[in-house]
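Notes follow the structure.
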Amino acid sequence: MKLFSLFLLLFFTGASLAQDSTDVTSYSSELMVGELMAFGERSLRFKELISDSRCPTDVSCVWAGEAKVLVELYENGKLCGEEILVISGGGQASVVLEHLFSGAAYKLTGFNLQPYPETSVKIKPSDYTLSLNVTEKIKD
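For the sequence shown, the positions run -18 to -1, 1 to 122 when mature numbering (1 follows the signal peptide of the UniProt record, and there is no 0) is used.
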């Protein structure tokens, strides 16, 4: 029994040491249309609101709806791609941007769009703000 316990201890110790370590850096921002968020040599710009079909707060809807925004992604000041973020009416979402940046994996989380629609208020595209968190995972 002692030999089995020793084997388990050595197995789990070795497994935990074999895992690769990652450094995680997080950035948060609230952007108006046209504004840029910088993180290291990379940046993200809230280019435009594509659509907002989220259910207004003063209405009962069968479907919560969604909003779509277009963001531009830059590396070293050069445009390297665009991404459409879909924000559901019922909550927040996340997007992984591994394919657009070299050397690091980025994840957009907690993005949200304000103001939330109301039937009595007409919202101009320039009035929207996009809140988001960018998490960078750098592998050894």
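We put the CB at the ideal spot given by N, CA and C, even for glycine.
Just so it is clear, the structure is predicted and the values come from calculations on it, not from any experiment.
In this structure, Val51 lies away from Thr101, with their beta-carbon atoms at least 8 Å apart. In terms of CA proximity to Ile66, Asp34 leads the group Lys60, Asp34 and Lys119.
If you draw a straight line from the Cα of Gly16 to the Cα of Lys60, it comes to about 16 Å. If one requires a minimum length of 4 residues, no alpha helix (DSSP H) run lies completely within the segment 33 to 112. In the structure shown, Glu17 adopts coil according to DSSP, grouped into three states. Excluding its 5 nearest sequence neighbours in each direction, Ala49 has C-beta neighbours in its own chain below 6 Å: Asp34, Arg36, Ile69 and Leu95, listed in chain order. Sorting Thr91, Cys43 and Leu26 by C-alpha distance to the C-alpha of Gly71 places Cys43 at the top. Taking Ile32 as reference, the option from Thr7, Thr117, Leu112 and Glu57 with the minimal CA-CA separation is Leu112.
In this structure, the alpha-carbon of Ser25 lies about 16 Å from that of Phe93. At the C-beta level, Glu23 and Glu57 come within 8 Å of one another.
When DSSP states are grouped into helix, strand and coil, Glu23 belongs to the coil group. Taking the Cα of Lys119 as reference, the smallest distance to any Cα among Ile105, Leu90 and Pro107 is reached at Leu90.
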